[in-house]
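The working numbering puts the first residue of the sequence shown at 184, with every later residue one more than the last.
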Amino acid sequence: MIQYIMKGGNPLVGDVSIGGAKNAALGILAAAIMTDEPVTIGNLPNVRDTNVMLDAIKGIGGIVERINEHSVRIIGRTINTVSVQYESIRRIRASYYLLGALLGKYKEALVALPGGCNIGTRPIDQHLKGFTALGGVNHIEKGAVAVRANKLRGNHIFLDVISVGATINIMLAAVLAEGRTIIENVAKEPHVVDVANMLNSMGANIKGAGTDVIRINGVERLHGTEYFIIPDQIEAGTFMMAAAVTKGDVMVRNVIPKHLEAISAKLLEMGCEVVEFDDALRVVGKPRMRHTQVKTLPYPGFPTDMQPQMAVALALAEGTSIVTESIFENRFKYVDELSRMGASIKVEGNVAVIDGIRCFNGAHVSAPDLRAGAALVIAGLAADDYTVVDDIEYIQRGYENFDLKLQSLGAMIEQVTDERGVQKFKLRVG
Ligand code: UD1
């Protein structure tokens, strides 16, 4: 098992550079197979989720050439099946983007989805509603979703819930549909806009991405492109929170400050200093942060993917804070782990009431998922004594070189694989 061992107490100080947006990358990689011409993608984060998507593309016959660590060339001409293998698909949820991409290009797709429980808690009914409106016929067969259409025709679609995945997936299918598609009540996240920009650079005709209504005029075919992915809003936010929690002073570089406004606003409310530059944000922590209230909402609201990191900051803020999770029901799974580090948090339904303490105690904890895992690492960096975080494979799904970036800011953290590694680290840092 791979773990992070860390010793808290060092304020994070220095510069950190943010990589490409994982969630944009997943949509963009799927979009890249929609043309027979080569597509070059830059600023691609080298994380597990994007690598699984690349494997899935190879699995259906696409060509993936690594140009360097953060650039790939994809050729969709050689795709020889619209059936995406179960094994690769099971590992990331966003493989559902291959449904929209294959349906758009070949008018047919068969994509296996994660187990029933996942489907139950994170349904894809809005994706399927969109495909049906475009003329697709969906059915579930042997744990996979099959979608077929004789012809895709543009339509007027109103989403019942604001869904990033459904917005991108329907957009993917609709760009090659005949006629005009209007999608209302869409997600406005920066990665929705990035996928739309990328598709437009391939010859698609999408307008309105970033607003509540997206209008698409279908085109006959897409062509090759070279595209550079936007910076990752959540990786940036995580480092901003790490700076605040460790009372540090970090320049978070290569970001789009506009995408981080909801996070900056909360840090300012809590008494931290946030200074905005063209493509960087400097966050300076304060000896004691103030309590506040946070509710997760679709963009431009406070992102659900920053909720656990924010809760860690609030667990150290003076007074009582309230965190309301309004996007996913089951997103407080990390609270038990954080409580073992001394946090005082009560969860009632989708609300967490947090009484701030002065300092976490180091403990042995497990990452329950990607963002909660990152949050526990931040907590460990602010804890007295040692913290070990298990199951860091989750964290590596979405953070590239997380430990190395934190080390470069002065954190005492290391990836280890066994108790010997833990003991060696302890001997070394004292
Ligand atoms: C994406 C992000 C994820 C982020 C989430 C919310 C990717 C790969 N993942 O996930 O990191 O936490 O957005 O910002 O980009 N819903 C339905 N029916 C549907 C689709 C969604 O009811 O067909 C519900 C979900 O259960 C959830 C809400 O809509 O309550 C938002 O989900 P959605 O935006 O679709 O999340 P994902 O795209 O899966």
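Quick reminder that beta carbons are idealized off the backbone N, C-alpha and C, glycines included.
Taken through DSSP and simplified to helix, strand or coil, P414 comes out as strand. By DSSP's assignment, M189 forms a beta bridge with T570 and I596.
By the CB criterion at 8 Å, V612 and V571 fall outside the cutoff. One residue after another in chain order, those with a Cβ under 7 Å from a heavy atom of ligand 1 are N206, L209, R276, A277, T304, R305, P306, I307, D308, Q309, H310, V344, I345, S346, V347, G348, A349, A370, E372, H374, P481, P486, T487, D488, I510 and F511. Excluding the 5 residues flanking it on each side, P228 has same chain C-beta neighbours closer than 7 Å at G202, G203, K205, A208, D415 and E583, in chain order. Distance from the Cα of N338 is smallest, within the candidate group V330, G386, G401 and E324, for G401. At the C-beta level, L286 and A332 come within 8 Å of one another. Taking the Cα of E456 as reference, the smallest distance to any Cα among I307, V466 and A448 is reached at V466. Burial state of M424 is buried, judged by a 10 Å Cβ sphere holding 16 or more other Cβ atoms. Selection V358, M184 and F422 evaluated against L195 yields F422 as nearest (Cα-Cα). Secondary structure note for N234: its alpha helix (DSSP H) is the uninterrupted segment R231 to G242. Per DSSP, F460 lies in no beta strand (DSSP E) segment and is marked neither H nor E. Leaving aside the five residues that flank L311 on each side, the residues in its chain whose CB is nearer than 6 Å to its CB run, in chain order, N321.
Excluding its 5 nearest sequence neighbours in each direction, L451 has C-beta neighbours in its own chain below 6 Å: V457, listed in chain order. For F608, the enclosing alpha helix (DSSP H) stretches over residues E602 to V612. For L293, DSSP records a beta bridge to S266 and A329. In this structure, K430 lies away from P486, with their beta-carbon atoms at least 8 Å apart. Distance from N437 to S200 at the Cβ level is roughly 5 Å; contact confirmed, criterion being Cβ atoms closer than 8 Å. When DSSP assignments are scanned along the stretch 310–372, the uninterrupted stretches of beta strand (DSSP E) that are 3 or more residues long and fall wholly within it turn out to be 320–324, 327–331, 339–341 and 363–367. With contacts defined by Cβ atoms closer than 8 Å, S527 and I540 form a contacting pair.
The three-state secondary structure of F543, taken from DSSP, is strand. When C-beta atoms of the stretch 384–403 are compared with those of the stretch 440–454, fewer than three pairs fall below 8 Å, so the two segments do not count as touching.
In the structure shown, S522 adopts helical secondary structure according to DSSP, grouped into three states. Taking a contact to require three or more Cβ pairs closer than 8 Å, the stretch 544–561 and the stretch 402–410 do not qualify as touching. Secondary-structure assignment with DSSP links E531 through a beta bridge to V534. Its Cα nearest to that of V330, the residue G318 stands out among G318, T261, A215 and F460.
R603 counts as exposed, since fewer than 16 other C-beta atoms from the protein chains shown sit within 10 angstroms of its C-beta. As DSSP reads the structure, A392 sits in a beta bridge with T394.
Pairing V247 with K609, the inter-Cα distance amounts to about 42 Å. Per DSSP, the beta-bridge partners of R249 are V255.
Every unbroken stretch of the beta strand (DSSP E) spanning 3 or more residues and falling wholly within the stretch 401–446 is given here in chain order: 408–411 and 432–436. Nearest C-alpha to E459 among R473, K478, M434 and M472: M434. Under DSSP, T223 takes part in a beta bridge, and its partners are R256 and E409.
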